[in-house]
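For the sequence shown, the positions run 1440 to 1725 when the working numbering is used. Each residue gets a CB set at the ideal place from its N, CA and C atoms; glycine is no exception. Owing to the predicted nature of the structure, the values given are computational and were not obtained by experimental measurement.
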Amino acid sequence: MCDEQQLARMGRLNRREFAAMGAIAGLAACAPMDSAQAQQAGLAEQAVKFPTPLGTMDAFFVHPAEGSHPAVIIWPDIAGLRDAFKMMGRRLAEEGFAVLVLNPFYQDAPAPQFADFEDFRENGGFQKVGPWMQKNTPDAVAKTAQAAVSWLDQQAAVDTARGIGTQGYCMGGPFTVRTAAAVPSRVKAAASFHGGGLVGEGPDAPVNLIDDTQASFLFAIAQNDDAKSPGDKDALRKAAEAAGRPATVEVFPGDHGWTVVDSPVYAKEPAERAWTELLELYRRAL
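Next up, the structure:
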């Protein structure tokens, strides 16, 4: 996942510089709608809450206003549920999915904890979320995932005859594998984008949970993450092959965070290619 050294390598940008480099403008380019525009586009959205064994989850739910659709669970990055991920949810809903964007830090603070990634960088984000992240143990993520699936399956906008997809970013990447393993009968596709901690020792390492799933996978790896841990891509491929699970494992020409539009390292071209591969995964598997 994103660490303080990676954050330092991103450089220190103020908001004016951040906008000038096109990251904020990318919000509109990649997901061109706010809440009012979403309604005009035939989408329905709302802030929702539901119980989990660990507390009350607050989340963002967006879907086509008519009909029932395959569901998708989004696990945001280290800066949490914010406008960048709401826009991502709307964009996915435009493609015909019922999208639930989770607050990964719901045990400690309601979303948004930060307005955008620059707010995270400027206001001690690592120090704030450090204790919160420790609560996202393998067991906690699994229980949260089970509660999210249970809630989704009660919604009229969700087609329960179709599988559920899940996608995650940064620290949320490995949560997608845990989600697929926690509810294998429902979660049929999982995509990790610049996910950290996917490969490790022990039965709880995400790479070792692939065998417990019934999902197809996309592991989209950042080029600088691959340079740091070049063996991870091979470990993921081998684990998927051994489990008999379809998996695309690809290193992209972008640094950690390249797919998130408010990230200082957002890279539009590889981000759009990753988005296309995500949609192809969901259309095959759900």
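**Q.** CB contact flag (Asp1522, Asp1555, <8 Å)
**A.** Locating residue 1522 in the sequence shown gives position 83, where the first residue counts as 1. Locating residue 1555 in the sequence shown gives position 116, where the first residue counts as 1. Yes. Within cutoff.
Q: Mind reading off the beta-carbon distance from Phe1691 to Pro1709? Whole number of angstroms is fine, and I expect it under 8 Å.
A: Against the sequence shown, residue 1691 aligns to sequence position 252. Against the sequence shown, residue 1709 aligns to sequence position 270. 5 Å between Cβ atoms; contact.
Q: Flag this pair as touching only if the region 1486-1493 and the region 1525-1535 have three or more C-beta atom pairs under 8 Å; answer yes or no.
A: no
Q | Where Gln1552 falls: helix, strand or coil (DSSP) | A | The residue you call residue 1552 lines up with position 113 of the sequence shown. The answer is coil: DSSP assigns Gln1552 none of H, G, I, E or B.
Q | For Glu1484, three-class secondary structure by DSSP | A | Sequence index remark: in the sequence shown, residue 1484 carries index 45 (1-based). Strand at Glu1484.
Q | Residues near Pro1685 in its chain [Cβ-Cβ closer than 6 Å; skip 5 each side] | A | For this step, residue 1685 is matched to residue 246 along the sequence shown. Counting only Cβ-Cβ distances below 6 Å, and skipping sequence neighbours, we find Ser1655.
**Q.** Where Val1618 sits in the DSSP three-state scheme
**A.** Here residue 1618 refers to the residue found at position 179 when the sequence shown is read from its first residue. For the sequence presented, residue 1618 should be read as Thr rather than Val. DSSP places Thr1618 in helix when its eight states are reduced to three.
Q. When burial is assigned at 16 or more other CB atoms within 10 Å of the CB, is Ala1498 buried or exposed?
A. Residue mapping note: residue 1498 aligns to position 59 of the sequence shown, counting from 1. Buried.
Q: Go ahead and pull the three-state DSSP assignment for Glu1430.
A: The chain is shown only over 1440 to 1725; residue 1430 falls outside these bounds and no answer can be derived.
Q: Identify the continuous beta strand (DSSP E) that holds Pro1509 and give its terminal residues.
A: Translated into the one-based positions of the sequence shown, residue 1509 becomes position 70. Element bounds for Pro1509: n/a, residue is neither H nor E.
Q: Output the boundary residues of the beta strand (DSSP E) element that contains Glu1689.
A: As a first step, residue 1689 is located in the sequence shown; it is residue number 250 there, counting from the start. Ala1686 to Phe1691 is the extent of the beta strand (DSSP E) around Glu1689.
Q | Runs of alpha helix (DSSP H) wholly within the region 1573-1660 (minimum 4 residues, chain order) | A | 1577-1591 and 1611-1621
(Q) Quick check: His1502 and Val1540, are their CB atoms within less than 8 Å of each other? (A) As a working mapping, residue 1502 is identified with position 63 in the sequence shown. As a working mapping, residue 1540 is identified with position 101 in the sequence shown. No, these two residues do not count as a Cβ contact at 8 Å.
Q.
I want to know whether the region 1638-1652 touches the region 1584-1597 - three or more CB-CB distances under 8 Å.
A. no
**Q.** Proximal residues to Ala1619 (C-beta, below 7 Å), its chain only, five neighbours per side dropped
**A.** As a first step, residue 1619 is located in the sequence shown; it is residue number 180 there, counting from the start. The answer, listed in chain order, is Thr1605, Val1626, Ala1629, Thr1652 and Ala1654.
Q: Determine the direct distance from the alpha carbon of Asn1575 to that of Lys1582, and round the result to whole angstroms.
A: By one-based count along the sequence shown, residue 1582 stands at place 143. By one-based count along the sequence shown, residue 1575 stands at place 136. Cα to Cα, the separation comes out at about 10 Å.
Q.
Rounded to the nearest angstrom, what separates Asn1542 and Phe1553 at their Cα positions?
A. Working through the sequence shown from its first residue, we reach residue 1542 at position 103. Working through the sequence shown from its first residue, we reach residue 1553 at position 114. Near 12 Å, if we compare the C-alpha coordinates of Phe1553 and Asn1542.
Q.
Rounded to whole angstroms, what is the Cα-Cα separation between Ala1724 and Val1568?
A. As a working note, residue 1724 is residue 285 in the sequence shown. As a working note, residue 1568 is residue 129 in the sequence shown. Distance between the alpha carbons of Ala1724 and Val1568: 34 Å.
Q. Can you list, in chain order, the residues of its chain whose CB lies under 8 Å from that of Pro1492, leaving out five sequence neighbours each side?
A. As a first step, residue 1492 is located in the sequence shown; it is residue number 53 there, counting from the start. Result list for Pro1492: Lys1582 and Ala1586, in chain order.
Q. Per DSSP, what kind of secondary structure is Gln1476 in: helix, strand or coil?
A. Within the sequence shown, numbered from 1, the residue matching residue 1476 stands at position 37. Gln1476 falls in the helix class under three-state DSSP.
Q | Rounded C-alpha distance that separates Gly1461 from Ala1659 | A | By 1-based counting over the sequence shown, the position of residue 1461 is 22. By 1-based counting over the sequence shown, the position of residue 1659 is 220. Any answer about Gly1461 is weak, because its pLDDT of 42 lies below 50 and its placement is not dependable; what the coordinates show is given next. Cα-Cα distance, rounded: 23 Å.
Q) For Pro1490, which of helix, strand or coil comes out of DSSP? A) In the sequence shown, residue 1490 corresponds to position 51, counting from 1. Strand.
**Q.** Opening and closing residue of the alpha helix (DSSP H) in which Leu1717 lies
**A.** Reading the sequence shown from its first residue, position 278 is the one you call residue 1717. Residues Lys1707 to Ala1724.
Q. Alpha helix (DSSP H) containing Gln1546: first to last residue?
A. What you label residue 1546 is simply residue 107 of the sequence shown in a count that begins at 1. Looking at the DSSP string, Gln1546 is not in any alpha helix (DSSP H), and its letter there is neither H nor E.
**Q.** Per DSSP, the bridge partner or partners of Val1501
**A.** The residue you call residue 1501 lines up with position 62 of the sequence shown. Note: Val1501 sits in a beta bridge opposite Glu1484 and Val1538.
Q: For the alpha helix (DSSP H) holding Asn1663, just list the boundary residues, first then last.
A: Position 224 of the sequence shown holds residue 1663. From DSSP, the alpha helix (DSSP H) with Asn1663 extends over Gln1662 to Lys1667.
**Q.** Cβ pair Gly1519, Pro1551 closer than 8 Å
**A.** Counting from one through the sequence shown, the residue named residue 1519 turns up at place 80. Counting from one through the sequence shown, the residue named residue 1551 turns up at place 112. The answer is yes: Cβ separation under 8 Å.
Q) Does the beta-carbon of Asp1664 have 16 or more other beta-carbons within 10 angstroms, so that it is buried, or is it exposed? A) Here residue 1664 is taken as the residue at index 225 of the sequence shown, counted from 1. The residue is buried, with at least 16 neighbouring Cβ atoms inside 10 Å.
Q. Of the residues Glu1716, Pro1703, Arg1617 and Leu1720, which one's Cα is nearest the Cα of Glu1561?
A. Position 122 of the sequence shown, counted from the first residue, corresponds to residue 1561. Glu1561 has its Cα closest to that of Pro1703, out of Glu1716, Pro1703, Arg1617 and Leu1720.
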